[in-house]
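Peer 1: Below you'll find the structure I mean.
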Amino acid sequence: MDYFIHKNLGGFLRRELDFYIKNEIIRLDDIEAADAPRVDDYLKKLRVLRKIARRIIDFLAQLEDFQKKLWLKKKFVVETNWLISLDRISEELYSDICAEANAAPEDGLLKQWRELFDIRVTQLTPSFLNKNSALVIDTAQLSDELKSRIIASISELEERANGVLVNAHNFHALALLNTRYKKSVKTVYIDPPYNTGAGEFLYRDGYKESSWLSMMANAVEQGHSLLKPEGSLFASIDDNESHRLKLNLEQVFGAENHIADIVWQKRYAPDVRTIISDAHEYVHCFAVEREKFAETRRKLPLTATQTNQFDNSDDDPRGPWKAADFTAQGYRPNQMYEITNPAGQVMTPPAGRCWGVVEEKYKQLLADNRMYFGRDGTGRPAVKRFLNEMDGMVPWTWWSCQDVGHSQDGMKESVSYFGREGAFLTAKPLELIKRVIKISSANGDIIADYFAGSGTTADAVIRLNAEESFNRRFLLVEAGEHFDSKLKTRIQKIGYTSKWREGNPETADGNSLLVKYIRLESFEDTLNNLQLPDTPRLNVSATDSSEMARDYLLKYWLEFETTGSPSLLNVREFSDPTAYTLKVKQPGSDAQVEKTIDLVETFNWLIGLHVAHLDQPRRYAIELVRETDPELPQDQDTRWRATSIKEREDGEFWFRAVEGHVLRVPGDELSRERVLVIWRKLTGNSGRDQAALEAWLGKRGINPRESEFATIYVNGNHALPSDGEAAMRVRLIEETFAQRMWEDA
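Per the UniProt record's numbering, the sequence shown runs over residues 1 to 745.
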């Protein structure tokens with residue numbers, strides 16, 4: 001479902017009310033002709049009308065403003081999992097993976113591998129995993145305990161990852177991802193719904209133009225926010241909305257940053273069912289800063305046809321070459337000299353043109369055997385362009401189906417992954433997306449696509465990385481059921497092998513894979529988890545002022561009464577980070593299930609944390625004693641102190657640590673600041689919890705007063721140093737969580 005919410009309904013309706021009263025109700029001629037009592041009666045009716053109308057508007061505005069607040073709230077992560085090829089996992093964990101898979105051979109991991117990779121074993125062994133290291137594990141098929149151990153074993157976690165997949169409405173996904181990826185993405189490619197009314201999209205494909213543009217305006221603005229100064233956005237579209245989308249792009253990027261309107265030949269033969277068959281679509285390209293994009297734009301490699309144009313008819317030791325025009329357009333006096341060819345014929349430039357270089361440079365080219373006058377020396381001068389000196393071809397705006405594929409190629413590629421019945425019919429061909437990425441990005445860059453469809457963009461990134469030995473990463477967002485059936489499945493399959501036929505693998509060559517995927521709370525989930533107290537927080541019937549009661553109901557009731565609802569953030573539940581739950585709607589049905597929210601992952605995104613190490617949850621047995629503290633008041637002069645701390649499975653105290661960095665300046669890797677996030681399960685005894693926290697920090701050698709971390713976040717009340725630099729360094733998770741979650745609402 002897609003929602004359109006008015007940004008300021010109250011202001012709009014009040015202006016419309018005043019306009020209506022002035023133009024439709026007030027009649028100056030009637031007022032002039034009436035006596036004073038009638039005028040007074042007339043004005044009283046107007047005041048009553050306006051008062052009642054404004055109260056109705058207040059109530060409608062309360063509903064719409066509350067809905068807008070819920071829409072703009074950054075959403076919880078309701079699930080975090082990983083797609084990991086076995087070559088990325090320590091062999092020490094293979095036995096545990098086998099044990100869990102073998103415990104349920106007809107379900108879980110083994111069942112998924114049979115369906116995806118045609119694996120025909122009934123029991124796994126470490127030896128089998130060693131021999132089949134291209135197999136991709138979906139950690140959703142493992143226990144939380146084993147999953148956390150696998151992730152904890154990988155250092156520099158996100159630096160080594162291929163990419164991130166997000167299952168959410170793109171507005172909510174980009175709102176959450178923006179803190180981490182702002183000004184960090186090199187290329188955005190989007191293939192939005194074409195607004196034709198005929199497409200398999202979760203986003204409605206048949207809006208009125210104003211509604212479609214409203215959706216696209218948000219999408220383009222959010223994409224622009226992600227891009228580096230040298231970054232660019234490519235948007236596929238057809239004739240139906242091309243002009244409107246381009247206008248939208250100009251408004252966001254500026255007309256001066258328009259790069260090109262690429263024409264893609266999507267058909268290789270006319271459609272006989274049409275009056276005039278359309279053969280093309282567009283790919284609009286805009287840059288954040290045109291000049292910076294020009295500096296980083298890459299040329300395309302020569303095609304086989306272009307390479308075949310080079311030969312070596314004179315056995316030049318520098319290798320194959322081809323003759324290129326030696327003239328230039330225009331008139332330049334110092335480039336208008338005479339040239340004599342080997343046959344003795346004197347040549348001058350054609351009318352309206354001059355030679356390509358000055359005479360001195362020509363003589364150097366001639367001496368270096370770089371000039372060509374035809375096989376018999378009687379031709380006009382041409383310059384030799386050597387194949388080994390060509391750094392590629394400047395891209396142009398005509399992309400033929402011979403070069404980048406046509407729409408049938410995209411469908412055939414989808415058939416190769418999913419079979420004919422499961423194919424994604426509107427998928428773009430891989431070569432088209434590969435060309436976009438190749439032109440606009442290089443090693444280490446991030447590619448984003450937030451209308452991800454079946455995952456062609458991620459597939460293209462993985463294949464290009466293999467071809468060029470690059471390490472580009474991808475960020476893909478997709479809503480709806482085919483996130484699992486198409487997008488995630490395609491990524492798992494390309495991780496196993498690049499060669500598929502009718503849904504079955506032809507090889508097991510492998511593309512080493514480490515991909516995170518997350519699911520976000522939906523807007524419907526937010527609404528479904530609103531809770532009203534059994535007893536109203538404010539009993540309006542007991543209020544002395546009827547006006548106050550009315551204002552409360554018309555303006556404040558919704559927000560005040562729903563405070564503490566799970567979807568609105570109830571920080572009291574942070575005492576146990578593993579127990580925060582929401583009722584989440586299941587895709588494709590109205591059924592809801594109770595799911596544990598991933599508070600750890602949600603907070604990482606809220607603060608823009610680039611995770612280097614996500615430790616597994618650990619329990620500790622901590623010996624505590626009470627001792628006198630002279631700094632405390634005399635009637636409360638004892639405190640808990642730890643005498644020993646040991647990690648133990650049945651320990652009373654639970655901790656989980658996350659280490660990484662944030663960028664103080666968005667997009668600037670030189671502004672990295674190290675961050676430590678400490679999650680604890682609180683016991684209800686603040687003194688013992690404080691002593692346990694101090695013992696845990698001591699075990700790790702962390703002193704909040706003198707720490708290598710710029711910021712340390714801790715959940716729950718604590719008494720860590722709060723003076724000097726430590727006051728800025730140590731922060732409550734709950735405070736930051738609430739501030740970041742609601743900052744845009």
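Glycine residues also receive a C-beta, built at the ideal position from the N, C-alpha and C atoms.
1) Only counting runs of 4 or more residues, tell me where the alpha helix (DSSP H) segments fall wholly within the region 587-660, in order along the chain.
2) In terms of residues, what are the limits of the beta strand (DSSP E) holding residue 85?
3) Classify residue 729: buried if its beta carbon has 16 or more other beta carbons within 10 angstroms, exposed otherwise.
4) What would DSSP say about residue 673, mapped onto helix, strand or coil?
5) One question on the structure: do residue 618 and residue 655 come within less than 7 Å of each other, judged by their Cβ atoms?
6) Determine, using beta-carbon pairs with one atom in the region 605-624 and one in the region 648-664, whether at least three such pairs fall under 8 Å.
7) By the DSSP assignment, the alpha helix (DSSP H) with residue 307 in it spans what residues?
8) Does residue 762 come out as helix, strand or coil in the three-state DSSP assignment?
9) When DSSP labels each residue in this structure, what does residue 329 get in the three-state scheme?
10) Using a Cβ-Cβ cut-off of 8 Å (strictly less than) and excluding sequence neighbours within five positions of residue 230, which residues of its own chain qualify?
11) For the beta strand (DSSP E) containing residue 18, name the first residue and the last one.
12) With DSSP run on the structure shown, which of helix, strand or coil describes residue 709?
13) As an exercise, report each continuous alpha helix (DSSP H) stretch of at least 4 residues that is fully enclosed by the region 415-486, in chain order.
14) For residue 754 and residue 383, which I take to be in contact (beta-carbon distance under 8 Å), what is that distance rounded to the nearest angstrom?
15) Can you say whether residue 399 is buried or exposed, counting buried as having 16 or more other CB atoms within 10 angstroms of its CB?
16) Please go through the same chain and pick out, in chain order, the residues whose beta-carbon is closer than 7 Å to the beta-carbon of residue 537, but skip the five residues on each side of it.
17) Pick helix, strand or coil for residue 396, following the three-state DSSP scheme.
18) I need the boundaries of the beta strand (DSSP E) containing residue 232, first residue and last residue.
19) Answer yes or no: do residue 486 and residue 424 have a C-beta to C-beta separation smaller than 7 Å?
20) Just to confirm before moving on: does the CB-CB distance between residue 320 and residue 310 stay below 7 Å?
21) Over what stretch of residues does the beta strand (DSSP E) that includes residue 280 continue unbroken?
22) Is it the case that the region 76-93 contacts the region 460-480, given that we only count it when at least three CB pairs across the two stretches are under 8 Å?
23) So what does DSSP say about residue 563, is it helix, strand or coil?
24) So what's residue 548 in DSSP terms, helix, strand or just coil?
25) Would you list, in sequence order, the uninterrupted alpha helix (DSSP H) runs of no fewer than 4 residues that lie entirely inside the region 124-195?
26) Excluding sequence positions up to five away, which residues of its chain have a Cβ less than 8 Å from the Cβ of residue 63?
27) Quick one: give me the first and last residue of the beta strand (DSSP E) that residue 293 is part of.
28) So, is residue 472 buried or exposed, given that buried needs 16 or more other C-beta atoms within 10 angstroms?
29) Quick check: the Cα distance between residue 588 and residue 168, rounded to an integer number of angstroms?
30) Under three-state DSSP, which class holds residue 737?
31) Mapping DSSP to helix, strand and coil, what is residue 412?
32) Kindly list the residues whose CB is nearer than 8 Å to the CB of residue 194, restricted to its own chain and excluding five residues on each side of it in sequence; keep chain order.
33) Based on DSSP bridge pairs, tell me the residues matched to residue 373.
34) With distance defined between alpha-carbon atoms, name the residue in 511, 211, 667, 248 nearest to residue 227.
35) Report yes if the CB atom of residue 721 is closer than 7 Å to the CB atom of residue 705, and no otherwise.
36) Between the region 685-694 and the region 636-647, are three or more C-beta pairs nearer than 8 Å?
Peer 2: Reading it off the structure:
1) 599-606
2) The sequence position of residue 85 within the sequence shown is 85, counting from 1. For residue 85, the uninterrupted beta strand (DSSP E) segment begins and ends at 77-85.
3) If you number the sequence shown from 1, residue 729 lands on position 729. So residue 729 counts as buried.
4) Mapped onto the sequence shown, residue 673 falls at position 673. If DSSP states are grouped into helix, strand and coil, residue 673 belongs with the strands.
5) Translated into the one-based positions of the sequence shown, residue 618 becomes position 618. Translated into the one-based positions of the sequence shown, residue 655 becomes position 655. In contact: residue 618 and residue 655 (Cβ atoms closer than 7 Å).
6) yes
7) In the sequence shown, counting from the first residue as 1, residue 307 sits at position 307. Segment 304-307, the alpha helix (DSSP H) holding residue 307.
8) Any property of residue 762 remains undetermined from this structure, which presents the chain solely from 1 to 745.
9) Numbered from 1 along the sequence shown, position 329 holds the residue referred to as residue 329. Residue 329: strand per DSSP, three-state reduction.
10) Start at 1 with the first residue of the sequence shown, and residue 230 comes out as number 230. 186, 287, 288, 289, 292, 293, 295, 296, listed in sequence order.
11) For the purposes of this step, residue 18 is taken as residue 18 along the sequence shown, with counting starting at 1. Unbroken run through residue 18 is the alpha helix (DSSP H), 9-20; no beta strand (DSSP E).
12) Here residue 709 is taken as the residue at index 709 of the sequence shown, counted from 1. Correct three-state label for residue 709: coil.
13) Uninterrupted alpha helix (DSSP H) stretches at least 4 residues long and entirely within the region 415-486 occur at 430-440, 456-468, given in chain order.
14) Nothing in the structure corresponds to residue 754, since the chain is present only between 1 and 745.
15) Residue 399 sits at position 399 when you count from the first residue of the sequence shown. So residue 399 counts as buried.
16) Here residue 537 refers to the residue found at position 537 when the sequence shown is read from its first residue. So the qualifying residues of the chain are 560, 561.
17) As a working note, residue 396 is residue 396 in the sequence shown. It is coil, neither helix nor strand.
18) Your numbering for residue 232 matches position 232 in the sequence shown. Residue 232 -> beta strand (DSSP E) spans 227-237.
19) The residue you call residue 486 lines up with position 486 of the sequence shown. The residue you call residue 424 lines up with position 424 of the sequence shown. Yes, these two residues count as a Cβ contact at 7 Å.
20) Stepping through the sequence shown from its first residue, residue 320 is reached at position 320. Stepping through the sequence shown from its first residue, residue 310 is reached at position 310. For residue 320 and residue 310, yes; Cβs fall inside 7 Å.
21) As a working mapping, residue 280 is identified with position 280 in the sequence shown. Note, residue 280: beta strand (DSSP E), 280-287.
22) no
23) In the sequence shown, counting from the first residue as 1, residue 563 sits at position 563. It is coil, neither helix nor strand.
24) Position 548 of the sequence shown, counted from the start, is the residue given in the question as residue 548. In the displayed model, residue 548 falls within a helix according to three-state DSSP.
25) 126-131, 144-152, 157-160, 170-181
26) Reading the sequence shown from its first residue, position 63 is the one you call residue 63. Cβ neighbours of residue 63 beyond the five flanking positions: 558.
27) As a first step, residue 293 must be located in the sequence shown, where it is residue number 293. Premise fails: residue 293 lies in the alpha helix (DSSP H), 290-296, not in any beta strand (DSSP E).
28) In the sequence shown, residue 472 corresponds to position 472, counting from 1. Label assigned to residue 472: buried.
29) To locate residue 588, count along the sequence shown from 1; it is residue 588. To locate residue 168, count along the sequence shown from 1; it is residue 168. The straight-line gap from Cα to Cα measures roughly 14 Å.
30) In the sequence shown, residue 737 corresponds to position 737, counting from 1. Helix.
31) Within the sequence shown, numbered from 1, the residue matching residue 412 stands at position 412. Looking at residue 412 - three-state DSSP - the assignment turns out to be helix.
32) In the sequence shown, counting from the first residue as 1, residue 194 sits at position 194. Here the set comprises 205, 237, 238, 240, 241.
33) Numbered from 1 along the sequence shown, position 373 holds the residue referred to as residue 373. None; residue 373 has no bridge partner.
34) In the sequence shown, counting from the first residue as 1, residue 227 sits at position 227. When only C-alpha atoms are compared, the closest one is 667.
35) As a position in the sequence shown, residue 721 is number 721, starting the count at 1. As a position in the sequence shown, residue 705 is number 705, starting the count at 1. Note that the C-beta distance between residue 721 and residue 705 is below 7 Å.
36) yes
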